[in-house]
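The numbering of the sequence shown is this note's numbering, which starts it at 98 and goes up by one.
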Amino acid sequence: PFLLFLDARDEVLLKRFSETRRRHPLGCEGVSLADAIARERMVLKPLRQIADVEIDTSELNIYQLRRRILEALGLSASGVSLLFESFAFKRGVPLDADYVFDVRMLPNPHYESELRDLTGKDEAVIEFLRAVPEAARMEGDIAKFLTDWLDALVQNHRSYVNVAIGCTGGQHRSVYLVERLTERFASRWPIVT
């Protein structure tokens with residue numbers, strides 16, 4: 098186990114409890130907030146003494162605190178997880194999507210009887226969509242948009258971005274583009290799925 102101990106100065110804790118209007122867990126009737134904080138310090142003293150890392154949060158904003166915790170754990174604070182997912186509009190747009198792209202205007206392999214039961218991962222569907230100039234253009238446009246804006250999201254302290262690409266059935270066109278974009282971004286971003 099790795100013990101990370103977070104603390105703050107008394108005046109900061111008093112202010113935080115006052116601002117959130119929450120009662121201190123060790124506070125009870127007749128015990129002031131300052132006394133409850135003092136009691137907490139006494140109870141937690143043995144843990145503080147064996148902590149691997151102690152972080153004073155008094156002057157840290159949430160982004161600085163996140164960075165300090167990640168550094169303490171030996172993790173990178175700079176990586177963004179980029180998730181590409183395919184979906185079917187007929188089943189609804191994913192609620193957790195940060196960006197949604199509609200690719201239903203591309204020719205649909207579903208209407209080719211030999212491709213109907215295949216997916217965008219199958220070579221026959223890949224060949225079909227590679228032969229469609231609009232599919233390459235759509236991939237390029239989505240890639241350009243993401244390239245232009247992902248750095249801004251990273252600067253805004255985002256740790257993950259969910260990109261949803263939808264077509265009618267979520268089987269051919271969206272799957273094909275998700276595979277292509279995943280491959281394209283895998284070399285540039287730390288975590289791409």
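Quick reminder that beta carbons are idealized off the backbone N, C-alpha and C, glycines included. Here the structure is a predicted model, which means the values were calculated and not measured.
Going by alpha carbons, who is nearest to residue i out of the options?
i    : options                : result
D104 : G127, R120, A148       : A148
G266 : E231, K241, D199       : D199
P230 : G171, P204, R106       : P204
D107 : P122, A131, A233       : A131
R188 : Q268, A283, V275, R285 : Q268
S210 : M202, Q146, A221       : A221
By DSSP, does residue i sit in helix, in strand, or in coil?
i    : result
V214 : The sequence as given places Asp at residue 214; Val does not occur at that position. If DSSP states are grouped into helix, strand and coil, D214 belongs with coil.
A105 : coil
G127 : coil
G263 : strand
F99  : coil
A249 : helix
V190 : coil
V200 : coil
E209 : coil
Q146 : helix
L84  : Since the first residue shown for the chain is 98 and the last is 290, residue 84 is missing from the structure and cannot be characterised.
R165 : helix
D132 : helix
R119 : coil
D238 : helix
L170 : coil
Taking just the CA atoms, how far does residue j sit from residue i?
i    : j    : result
H207 : L278 : 21 Å
E116 : L110 : 10 Å
A185 : V197 : 12 Å
V177 : R255 : 7 Å
Q161 : L212 : 51 Å
V140 : P122 : 12 Å
C264 : E236 : 14 Å
T154 : R119 : 18 Å
D245 : V251 : 12 Å
A261 : E156 : 38 Å
I99  : N253 : Note on identity: in this sequence residue 99 is Phe, with Ile being the wrong assignment. Their Cα atoms are separated by approximately 29 Å.
F242 : D248 : 11 Å
V150 : V190 : 43 Å
R227 : I159 : 45 Å
Taking Cβ to Cβ, would you say residue i is nearer than 8 Å to residue j?
i    : j    : result
G217 : R270 : yes
L180 : Y257 : yes
L170 : F102 : no
G124 : A133 : yes
V275 : E137 : no
Going by DSSP, name the residue or residues bridged to residue i.
i    : result
V229 : Partner(s): none; V229 has no beta bridge.
I152 : L103
Y160 : Answer is none; Y160 lacks a bridge partner.
S183 : I262
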